[in-house]
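Numbers in the numbering used here are just positions in the sequence shown, counted from 1, shifted up by 232. All residues carry an ideal CB built from backbone N, CA and C; glycine is no exception.
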Amino acid sequence: MRSTGRPEAPTSRTGTLVGKILSLDHVTQEYLAHNLPRRPQCPCCGDPTLLSQRGFHPIDLKPSPKRYVDDSGHRSMTPEQTLERYRHLISPISGVVTELARISDPDNALVHTYKASHSMGSVGSLRGLRQILRHKSSGKGKTDAQSRASGLCEAIERYSFIYQGDEPRKLATLAELGESAIHPERCLHFSELQYASRDELNTESIGHDWIPMRFDSTRAIEWTPLWSLTDQCHKLLPTAYCYLWYRLPADHDFCRADSNGNAAGNTLEEAILQGLLEVVERDSVSMWWYNAVQRPVVDLTSFGDEYFDNLRRYYRDIGRELWVLDLTADLGIPVMAAVSRKTGTGAERLIIGYGAHLDARIAITRALTEMSQVGLELDKVPDEKLDPESAAWLLGASLQNKPYLVPASALRTRKSRDFAGSWTGDIRDELLDAVGVMRKRGLEVLVLDLTRPDIGLSVVKVVVPGMRFFWQRFAPGRLYDVPVQLGWLNAPTPESELNRTQMPF
């Protein structure tokens with residue numbers, strides 16, 4: 233592995249140590265200068281109310297012209313420009329990102345995967361310290377630059393999501409807030425059966441399937457404002473739902489924040505659109521996965537995309553076949569699942585990746601690169617060295633016992649012409665169009681600006697109450713209703729018959 237983010241060496245241009253810190257490597261005798269900028273929200277030398285005040289202001293969407301429409305999305309900057317703008321945040325001494333390094337084969341022109349290591353807050357134990365020190369994000373893309381930018385932005389996104397104490401909050405009960413407050417269970421989606429069985433289920437659950445206590449609406453808690461792009465006003469959700477590692481009292485531990493809908497972008501509008509697309513992706517994936525329903529295959533050759541053809545050839549050369557399923561649901565926004573299995577004898581080692589975008593080609597690209605990002609790295613691990621969770625899927629799952637991964641033979645193959653383009657030349661316009669699609673389905677789009685003043689990269693959390701995450705959340709709603717409305721199923725799947733296979737990636 234080689235580091236791609238490097239602090240600058242001191243030169244005559246660095247002058248004084250203002251805004252910098254120097255490090256000396258005693259082995260190489262090398263000095264390096266690391267950026268140490270002022271924090272505008274610093275309680276000693278800045279305005280500690282900066283973030284909390286901003287949270288109660290409306291979000292004013294501005295024009296955001298596209299300047300990059302290739303690879304994995306529509307962006308206002310190229311990946312190279314993004315890297316140049318935020319490379320100062322990479323430093324093992326003072327950086328939000330301590331390292332950005334390639335982990336995929338540098339000679340492979342089709343698969344580009346980077347890891348971004350970063351600090352994730354304070355610790356109170358040796359175990360906690362170890363968890364933080366090994367915390368990593370990863371980047372993917374069709375090109376090396378896109379993968380680096382992806383890894384860097386994901387690390388900043390996760391850092392910005394951590395509760396630090398200066399976030400916008402309001403102490404009140406649900407009743408005191410009236411209609412502006414959203415009951416957390418409208419977003420958590422645990423079923424009555426899951427709540428009733430939480431003690432038993434939690435003894436066997438993996439972290440993200442942990443079931444919380446019921447929310448007590450009579451207790452005063454802290455609430456955070458989110459801006460409704462649908463209703464053009466503030467709505468409030470529990471702060472514990474909005475920020476990672478916000479601590480609730482032990483006797484009212486009713487939720488834990490997750491990263492669904494979190495996204496970073498060169499502009500606020502870009503970040504919001506990416507976050508909304510992630511919400512759409514996870515919603516469609518959950519309906520497909522937990523109902524275990526077969527979906528049509530996509531004809532990749534119909535897109536005339538050289539990358540698709542070359543990647544299929546590469547997978548074939550390493551003893552794998554791949555295909556893409558169309559998971560697009562009622563919103564009409566393309567959602568794809570890329571699936572691959574090992575051919576020949578032995579375990580099939582099934583790997584999966586997901587993607588959503590207004591442009592079906594980009595949705596496919598995202599699914600393929602995500603599959604390569606995670607799955608091909610796991611291919612390097614021998615069977616006997618897999619952790620139990622990974623081994624259960626990679627060595628136990630097959631097309632025979634997971635038939636929903638197989639293309640539906642009774643459904644027509646999807647071709648590029650089946651996906652009408654709905655994009656424009658401005659990211660804001662595309663975002664507003666997507667919000668309009670949600671409104672027609674009775675769905676409200678909420679946005680929390682997570683951007684940290686000292687970082688600068690726009691980071692948001694997008695929440696759409698009613699839309700589902702792809703973890704095991706089995707409350708009534710879209711998970712049961714939409715597959716029937718679309719004709720995927722003749723009747724809703726009873727909760728007791730939902731697919732209980734853990735989402736592997």
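How do the segment 493-502 and the segment 581-592 stand: do at least 3 beta-carbon pairs fall below 8 Å, yes or no? no
Quick check on valine 301: buried or exposed, where buried means 16 or more other Cβ atoms within 10 Å of its Cβ? Position 69 of the sequence shown, counted from the first residue, corresponds to residue 301. With fewer than 16 other Cβ atoms within 10 Å, it is exposed.
Pick helix, strand or coil for glutamate 408, following the three-state DSSP scheme. Residue mapping note: residue 408 aligns to position 176 of the sequence shown, counting from 1. DSSP places glutamate 408 in helix when its eight states are reduced to three.
Given 8 Å, three or more beta-carbon pairs between the segment 378-394 and the segment 679-692: yes
Contact under 7 Å by Cβ, threonine 462 with arginine 319: Working through the sequence shown from its first residue, we reach residue 462 at position 230. Working through the sequence shown from its first residue, we reach residue 319 at position 87. Not closer than 7 Å, so no.
Output the distance between the C-alpha atoms of arginine 710 and tryptophan 520, rounded to the nearest integer angstrom. Looking up residue 710 in the sequence shown gives position 478. Looking up residue 520 in the sequence shown gives position 288. Taking the straight line from one Cα to the other gives about 11 Å.
Pick from Lys634, Lys374 and Val667: whose alpha carbon is nearest that of aspartate 541? The count along the sequence shown starts at 1 and reaches residue 541 at position 309. Answer by Cα proximity: Lys374.
DSSP beta-bridge partners for tyrosine 586? For the purposes of this step, residue 586 is taken as the residue at position 354 of the sequence shown. Paired residues: Ala569.
Going along the chain, which unbroken runs of the beta strand (DSSP E) with 3 or more residues stay wholly within the segment 377-462? If one requires a minimum length of 3 residues, the beta strand (DSSP E) runs lying completely within the segment 377-462 are 402-404 and 453-460, in chain order.
Return the chain-ordered list of same chain residues with a C-beta closer than 6 Å to the C-beta of threonine 236, the five sequence neighbours on each side being excluded. Locating residue 236 in the sequence shown gives position 4, counting from the first residue. Any reading at threonine 236 must be qualified, since the residue scores a pLDDT of 44, below 50, and its modelled position is unreliable; no value is offered.
Take the Cβ of glutamine 506 as the centre, count every other Cβ of all protein chains shown within 10 Å, and call the residue buried at 16 or more, exposed below. Within the sequence shown, numbered from 1, the residue matching residue 506 stands at position 274. By the neighbour-count criterion, in which 16 or more other beta carbons inside 10 Å mark a residue as buried, glutamine 506 falls on the buried side.
Reduced DSSP category for histidine 306 - H, G, I as helix; E, B as strand; rest coil: As a first step, residue 306 must be located in the sequence shown, where it is residue number 74. In this structure, histidine 306 counts as coil in the three-state DSSP scheme.
Would you kindly report the start and end of the unbroken alpha helix (DSSP H) that includes glycine 607? Position 375 of the sequence shown, counted from the first residue, corresponds to residue 607. It spans 592-610 - the alpha helix (DSSP H) in which glycine 607 sits, taken as one unbroken run.
Could you tell me the distance, in whole angstroms, from the CA atom of glutamate 602 to the CA atom of valine 259? Walking along the sequence shown from the start, residue 602 turns up at place 370. Walking along the sequence shown from the start, residue 259 turns up at place 27. Going from the Cα of glutamate 602 to the Cα of valine 259 covers about 39 Å.
Going by beta-carbon coordinates alone, are leucine 509 and histidine 589 separated by less than 7 Å? What you label residue 509 is simply residue 277 of the sequence shown in a count that begins at 1. What you label residue 589 is simply residue 357 of the sequence shown in a count that begins at 1. Against a cut-off of 7 Å, the Cβ pair of histidine 589 and leucine 509 comes out as a contact.
Just grab the DSSP bridge partners of isoleucine 291 for me. The sequence position of residue 291 within the sequence shown is 59, counting from 1. Looking at the DSSP assignment, isoleucine 291 forms no beta bridge with any residue, so it has no partner.
Could you tell me which of Pro338, Glu454, Ile659 and Phe651 sits nearest to serine 308, measuring between CA atoms? As a first step, residue 308 is located in the sequence shown; it is residue number 76 there, counting from the start. Selected option, being the one with the closest Cα: Ile659.
Short of 6 Å in beta carbon distance, which residues of its chain neighbour tyrosine 712, apart from the five on each side in sequence? Order them along the chain. Within the sequence shown, numbered from 1, the residue matching residue 712 stands at position 480. Leaving aside the five residues that flank tyrosine 712 on each side, the residues in its chain whose CB is nearer than 6 Å to its CB run, in chain order, Pro724.
Pair within 7 Å by beta-carbon distance, aspartate 562 and proline 528: On the sequence shown, residue 562 is found 330 positions in, with the first residue counted as 1. On the sequence shown, residue 528 is found 296 positions in, with the first residue counted as 1. Contact flag unset, no.
Taking the C-alpha atoms as reference points, what is the distance between tyrosine 263 and serine 370? For the purposes of this step, residue 263 is taken as residue 31 along the sequence shown, with counting starting at 1. For the purposes of this step, residue 370 is taken as residue 138 along the sequence shown, with counting starting at 1. Taking the straight line joining both Cα atoms gives about 29 Å.
Examine the Cβ distances between the segment 427-439 and the segment 477-484 and report whether three or more of them are shorter than 8 Å. The segment 427-439 is not in contact with the segment 477-484.
Glycine 576: which of Arg593, Gly551 and Thr645 sits nearest, CA to CA? The residue given as residue 576 occupies position 344 in the sequence shown. If we check each option's Cα against that of glycine 576, Gly551 comes out closest.
Looking at the secondary structure, which residues open and close the alpha helix (DSSP H) in which arginine 545 lies? Here residue 545 refers to the residue found at position 313 of the sequence shown. It spans 538-549 - the alpha helix (DSSP H) in which arginine 545 sits, taken as one unbroken run.
Applying the criterion that 16 or more other CB atoms from any shown protein chain within 10 Å of the CB defines a buried residue, is leucine 361 buried or exposed? One-based indexing of the sequence shown puts residue 361 at position 129. Caution applies to leucine 361, whose pLDDT of 37 falls short of 50 and renders its modelled position unreliable; the value that the coordinates give is listed next. With fewer than 16 other Cβ atoms within 10 Å, it is exposed.
Cutting at 8 Å between CB atoms, please list the residues of its own chain near glycine 251, excluding the five before and the five after it. Stepping through the sequence shown from its first residue, residue 251 is reached at position 19. Correct list, in chain order: Asn267, Leu268, Pro269 and Arg270.
Simplified DSSP state of leucine 268, which is helix, strand or coil: Counting from one through the sequence shown, the residue named residue 268 turns up at place 36. The answer is coil: DSSP assigns leucine 268 none of H, G, I, E or B.
C-beta contact flag for arginine 514 and phenylalanine 701 at 7 Å: For the purposes of this step, residue 514 is taken as the residue at position 282 of the sequence shown. For the purposes of this step, residue 701 is taken as the residue at position 469 of the sequence shown. In contact: arginine 514 and phenylalanine 701 (Cβ atoms closer than 7 Å).
Please name the residue, chosen from Asp615, Asn633, Gln426 and Leu458, that lies closest to alanine 524 on a Cα-to-Cα basis. For the purposes of this step, residue 524 is identified with residue 292 of the sequence shown, where counting begins at 1. Minimum Cα distance to alanine 524 is reached at Asn633.
At the level of alpha carbons, what is the spacing between leucine 730 and glutamine 285? If you number the sequence shown from 1, residue 730 lands on position 498. If you number the sequence shown from 1, residue 285 lands on position 53. Distance between the alpha carbons of leucine 730 and glutamine 285 is about 44 Å.
So, for proline 635: in the same chain, excluding its five sequence neighbours on each side, which residues have a beta-carbon less than 8 Å away from its beta-carbon? Indexing the sequence shown from 1 puts residue 635 at position 403. Within the same chain, proline 635 has close Cβ partners Ala524 and Gln526.
Take methionine 233 and list the residues in its own chain whose beta-carbon comes closer than 7 Å to its own, dropping the five residues that flank it on each side. Start at 1 with the first residue of the sequence shown, and residue 233 comes out as number 1. Reliability fails at methionine 233, whose pLDDT of 37 lies under 50, so the model's placement of it is uncertain and the value that follows must be treated cautiously. Here the set comprises Ala333, Arg334 and Ile335.
Does DSSP put isoleucine 325 in a helix, a strand or coil? Taking the first residue of the sequence shown as position 1, residue 325 is located at position 93. Isoleucine 325 falls in the coil class under three-state DSSP.
Distance check for valine 556 and leucine 532, CA to CA, integer angstroms please. To locate residue 532, count along the sequence shown from 1; it is residue 300. To locate residue 556, count along the sequence shown from 1; it is residue 324. Rounded to the nearest angstrom, the gap between the Cα atoms of leucine 532 and valine 556 is 8 Å.
Determine, using beta carbons only, whether leucine 678 and valine 667 come nearer to each other than 7 Å. For the purposes of this step, residue 678 is taken as the residue at position 446 of the sequence shown. For the purposes of this step, residue 667 is taken as the residue at position 435 of the sequence shown. Taking 7 Å as the Cβ cut-off, leucine 678 and valine 667 do not qualify as a contacting pair.
Quick one, which of Asp448, Arg418 and Tyr522 has its alpha-carbon nearest glutamine 704's? The sequence position of residue 704 within the sequence shown is 472, counting from 1. Measuring from the Cα of glutamine 704, the nearest candidate turns out to be Tyr522.
Whole-number beta carbon distance between glutamate 399 and tyrosine 473, since they are thought to touch under 8 Å: If you number the sequence shown from 1, residue 473 lands on position 241. If you number the sequence shown from 1, residue 399 lands on position 167. Wrong, their Cβ atoms sit about 12 Å apart, outside the cutoff.
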